[in-house]
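Under the numbering used here, the first residue of the sequence shown is numbered 160, with each subsequent residue one higher.
So the structure is just underneath, and the comments pick up after that.
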Amino acid sequence: MEKKSKSTEGGTSKRKRSPHKVHENACHACGTVMHASTAAKPVHINGETVLVRGIPHFRCPNCDETLTLAQDLQVLWDRGASLYRDRHGLLDADDIRAIRTRHRLTQAQLAKLLGLGTNTLSRWEAGRNVQTTAMDVLLRLVRDVPGNLAYLRRHRA
Ligand SMILES: [Zn+2]
Numbered sequence: 160m161e162k163k164s165k166s167t168e169g170g171t172s173k174r175k176r177s178p179h180k181v182h183e184n185a186c187h188a189c190g191t192v193m194h195a196s197t198a199a200k201p202v203h204i205n206g207e208t209v210l211v212r213g214i215p216h217f218r219c220p221n222c223d224e225t226l227t228l229a230q231d232l233q234v235l236w237d238r239g240a241s242l243y244r245d246r247h248g249l250l251d252a253d254d255i256r257a258i259r260t261r262h263r264l265t266q267a268q269l270a271k272l273l274g275l276g277t278n279t280l281s282r283w284e285a286g287r288n289v290q291t292t293a294m295d296v297l298l299r300l301v302r303d304v305p306g307n308l309a310y311l312r313r314h315r316a
């Protein structure tokens, strides 16, 4: 029954405001309280742009400034990485870790065999980066073709 007025006429001046406390969702540009919303946002992976829909953010109704919380930026990355893997048919983080652990290799050992930096492999396994299509092919060759790891051990160890 008691419905909040949607009128913006004089809306801000009627709102009770404390001069000492900035509202936690206040726009940093103009001070207006921002509204929770969702939007499609881009994420850049290996030089490609992936658009992720439905990312929560706050938007200022006055000046269109937006704010995305750190946790939602993480969601943006995770969903973007997943879309990118689907788009290119790539192994996921667990697949990559499984290749390494099946052969009882440390990250440093497998990274050396593949000619990668240890950090690169560790970031793939943590889902913080995504391998390129070319590196995905190399990982699959190690996983699926017997003898390839032995070959790398002979020639790269
Ligand atoms: Zn604003």
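Even glycine gets a Cβ: it sits at the ideal position worked out from N, Cα and C.
Other residues of its chain near residue i: CB distance less than 6 angstroms, five sequence neighbours each side excluded
| i | result |
| --- | --- |
| Gly213 | Thr197 |
| Thr277 | Gln266, Ala267, Ala270 |
7 angstroms Cβ shell around residue i - same chain, five flanking residues per side excluded
| i | result |
| --- | --- |
| Leu210 | Ala199, Pro201 |
| Leu226 | Met193, His216, Phe217 |
| Ala285 | Ala252 |
| Ser281 | Gln266 |
| Ile204 | Gly239, Ala240, Tyr243, Val289 |
| Trp236 | Val202 |
Opening and closing residue of the beta strand (DSSP E) in which residue i lies
| i | result |
| --- | --- |
| Glu207 | 207-218 |
| His247 | Segment 229-247 is the alpha helix (DSSP H) holding His247; no beta strand (DSSP E) there. |
| His203 | 194-204 |
Same chain, Cβ closer than 8 angstroms to residue i, neighbours up to 5 away in sequence not counted
| i | result |
| --- | --- |
| Cys222 | Cys186, Ala188, Cys189, Thr191 |
| Gln290 | Leu249, Leu250, Ile255, Trp283, Leu298 |
| Gly274 | Arg315 |
Extent of the continuous alpha helix (DSSP H) to which residue i belongs
| i | result |
| --- | --- |
| Asn288 | No alpha helix (DSSP H) contains Asn288, which DSSP labels as neither H nor E. |
| Asn307 | 307-315 |
| Ala257 | 252-261 |
| Leu273 | 266-273 |
For residue j and residue i, believed in contact at Cβ under 8 angstroms, the rounded distance
| i | j | result |
| --- | --- | --- |
| Ile258 | Arg302 | 5 angstroms |
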